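Sequence positions in the sequence shown follow this note's numbering and run -17 to 547.
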Amino acid sequence: MTVDDFLRISQVAGASKIAAQAEYDAGASLINLKEYPRAIQVLERFRSNNPKSEYTADVTRKLAVAYGETGQAGQAAVEFERIALNPAESRDIQREATLSAADLYAKANNTPKAVTMLERFVVTYPTPVADSIEARQKLADIAGNAGNIEGQRRWQREIIAADRNAGAGRTDRTQYLAAKSQLALAAPARDAFRDIPLVLPLKASLAKKRKAMESALTAYKSATEYRVAEVTTLATYEIAEIYRKLGQDVMKSERPKKLPEDQLEEYNSLLEEQAFPFEEQAITTHELNTKRTRDNVYDEGVKKSFAALAELKPARYGKTEMLSAGVDALVPPAPPVTAPAADPASTLTTPADPTAAAVPNSQVAAAATPAAPAWNIPKAPARAGTDFTRALGLMRGSDATQAILEMQVLTQSYPDLPGPYTNLGILYRNSNQLAEAEAALLKATERAPWDAQTWTEYGATLRQAGKFAEARKAYEKAIEVNPSYAPAHRNLGVLLDLFIDDPVTAQAELETYKTLTGEDKPVSGWIAELRARNRAGAPRSATPEPAPSEPAPEATPPPAQGDRS
């Protein structure tokens, strides 16, 4: 029988049992036919007319599906809640319905009902632990988004406790959520430490600040114990900044009033002695974080430690790459062919490595001058130049989104021309869309393998993505096609020093850069720092021992000096 047949029977049979059966069969058939709007009308009428029917539970399930399929999240949530509260349903069905109702209420922006269902889930279904922790995480997120900080922290504490007591039910995911919660809960202790001023009497206020510091350090060290990489690196960064902050606050602390100049100078010297160990501990801890690049860890915490070290030790960590703002040519020209230099046999080149033998300049020049390959350089059509000029105007303006769209159109219209791909990659990189930037610049190198600038921009993008070995290859390829392209030498030197730990080769690359450009500051200072480190016996291997996974132990600062009043 068809749906219409069932509906005719239900109409003519009145209030009989046959009419109810026919109406139910019509609704079920409509569900099977995926005619959900019509099915909803029939099933809602059936439930209204037959509130005590044996099919009531099944009708509720079918309505839940129908409302969900028609995008009526709120109505679907109501039906799933009915299933969850129906004692006739199995526990597994009730459990799944509770979660479905919570998700649908959230989708319908009915936050109070979503919270009610999630709280019910946490209380009623404590196992599997992984699912109950996920529910707590949703509750923490809802509280945080609503500005209910205390509620958010309460659920974060529950996540930590549930993971700690999970036993065999503990998973990588539960540990991850617990670690993130512990990291978040450490922030209030850190903020309390920061907010304590160092005022006279200094001994008392310093003791109070030291106590707050211990609480904050303990909280962050607890986060590192989960051994979740992104949490460990952020916690390590915060630990280092706590030491740094204490050193800064000691130096900015309140001075005794009316102190003679000679005594004030001595007092300041004593404060410097107090602050120095904390700054040193900050540097040590940040360096611990940056060394994780050796294990291919380059996340937010590591990046923040690099930025902090650039301020604390600029000569060592303030080295910067050269990045292009864009290319003006649709097709870059072929690189210049440099003839080998004359052979003054008595003139030797001394390498950066003081233990290596000097070699004649002629050998250096010959090695640096590859045979010129026959590049297949495409010719850009005239119309492409007009379109490219318009896109460049957008790129140099403030509308990055429109510039990206224009460059995308150019790559589709002129797929053999490298310039649009290069600029598209730079635009993506500037927007921190590194995966898209990498893909665009890779295509640019495939279309302009002779261009050192294209390889260099590709290398810089790979470095920002934490792909250090691949970045090195890109820079070396740039130098191979054009040994005179200075930015490639500079960028390779920075990469080797900061991220690969090869200071000897880094020094050589930066010296080459300086020779090519004549640039003095700040490059001369970088080279001097590298020379000093290399003379002192810095590790020369590009594969040093792995960095430890835990923050450095706390330094023990000297006791506080007495106040002078």
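Glycine included, C-beta positions come from ideal geometry on N, C-alpha and C.
Because the structure is a prediction, the values reported are computed rather than measured.
Pick out whichever of the options has its Cα sitting closest to the Cα of residue i.
i	options	result
ASN358	PRO317, GLU388, ARG372	PRO317
PHE103	ALA417, ALA385, SER82	SER82
ALA46	GLU116, THR404, TYR225, ALA21	ALA21
GLN54	TYR107, ASP40, LYS193, ALA90	ALA90
GLN390	GLY379, SER380, TYR410, GLU262	TYR410
LEU463	TRP437, ALA264, MET195	Looking at the sequence provided, one finds Val at residue 463 rather than Leu. Nearest of TRP437, ALA264, MET195 to VAL463, Cα basis: TRP437.
GLN256	VAL313, LEU188, LYS240	LEU188
TRP432	LYS496, THR371, PRO360, LEU67	PRO360
TYR495	LEU374, ILE65, THR302, ALA421	THR302
PRO19	THR52, VAL41, PRO469, ASP40	THR52
GLY379	PRO315, ALA79, ALA307, LYS449	ALA307
Determine the DSSP secondary structure at residue i, reduced to helix, strand or coil.
i	result
VAL313	coil
SER72	coil
TYR403	helix
THR302	coil
TYR37	coil
ARG237	coil
ASN130	coil
GLY441	helix
PRO431	coil
PRO259	helix
SER413	coil
ASP483	coil
VAL60	helix
ASN358	coil
ASP244	helix
THR109	coil
LYS496	helix
ASN31	helix
ASP277	helix
By how many angstroms is the C-alpha of residue j removed from the C-alpha of residue i?
i	j	result
GLY544	VAL232	Model confidence at GLY544 stands at a pLDDT of 36, short of 50, so the residue's coordinates are unreliable; what they give is reported in the following sentence. Each residue's Cα considered, the two are about 13 Å apart.
THR106	GLU116	14 Å
TYR249	GLU282	39 Å
ARG118	ALA434	52 Å
TYR219	ARG135	22 Å
TYR208	LEU184	37 Å
GLU388	ARG146	53 Å
ASP325	ALA510	Residue placement at ASP325 is flagged as unreliable, the pLDDT there being 46, under the threshold of 50; the coordinate-derived value follows with that caveat. Their backbone Cα atoms lie some 30 Å apart in a straight line.
THR499	TYR467	10 Å
GLU132	ARG276	39 Å
LYS120	SER72	25 Å
GLY50	GLU36	23 Å
ARG139	ASP113	16 Å
LEU228	ARG515	29 Å
GLY475	ILE386	31 Å
VAL24	LYS44	11 Å
THR109	GLN3	40 Å
LYS(-1)	ILE141	52 Å
PRO33	LYS162	48 Å
THR38	GLU5	13 Å
LEU246	ALA122	51 Å
GLY407	MET304	16 Å
THR11	GLU17	Strictly speaking, residue 11 in this sequence is Ser, with Thr absent from that position. For SER11 and GLU17, the distance between alpha carbons rounds to 9 Å.
ASP479	ALA442	14 Å
ARG445	SER251	42 Å
ALA364	ALA456	31 Å
ALA524	GLY448	Since pLDDT at ALA524 reaches only 45, below the 50 mark, its modelled position is unreliable, and the value read off the structure follows with that caveat. Each residue's Cα considered, the two are about 16 Å apart.
ARG372	ILE224	50 Å
Starting from residue i, follow the alpha helix (DSSP H) in both directions and report where the run begins and ends.
i	result
SER163	154 to 176
VAL319	Careful: VAL319 lies outside any alpha helix (DSSP H) and carries neither H nor E.
GLN54	Run containing GLN54: none; DSSP gives neither H nor E here.
ASP231	211 to 233
ASP7	-1 to 14
GLN390	382 to 395
VAL97	93 to 106
ASN473	468 to 476
ASP369	364 to 378
VAL284	282 to 294
GLY507	505 to 517
LEU184	184 to 206
GLU17	Note, GLU17: premise wrong, no alpha helix (DSSP H); not H, not E.
VAL463	450 to 463
Measuring only between beta-carbons, confirm whether residue i sits less than 8 Å from chain D.
i	result
PRO110	In the structure shown, chain D does not exist; there is a single protein chain.
Should residue i be listed as close to the ligand NAD, given that the test is whether its C-beta is under 7 Å from any heavy atom?
i	result
GLU493	The model depicted lacks the ligand NAD and carries no ligand whatsoever.
Indicate whether the contact test is met: 3 or more Cβ pairs, each with one atom in the segment 412 to 419 and one in the segment 387 to 398, closer than 8 Å. With contact defined as three or more Cβ pairs closer than 8 Å, the segment 412 to 419 and the segment 387 to 398 are not in contact.
Taking contact to mean at least 3 C-beta pairs separated by less than 8 Å, is the segment 136 to 156 in contact with the segment 193 to 200? Contact between the segment 136 to 156 and the segment 193 to 200 is absent: fewer than three C-beta pairs spanning the two stretches fall below 8 Å.
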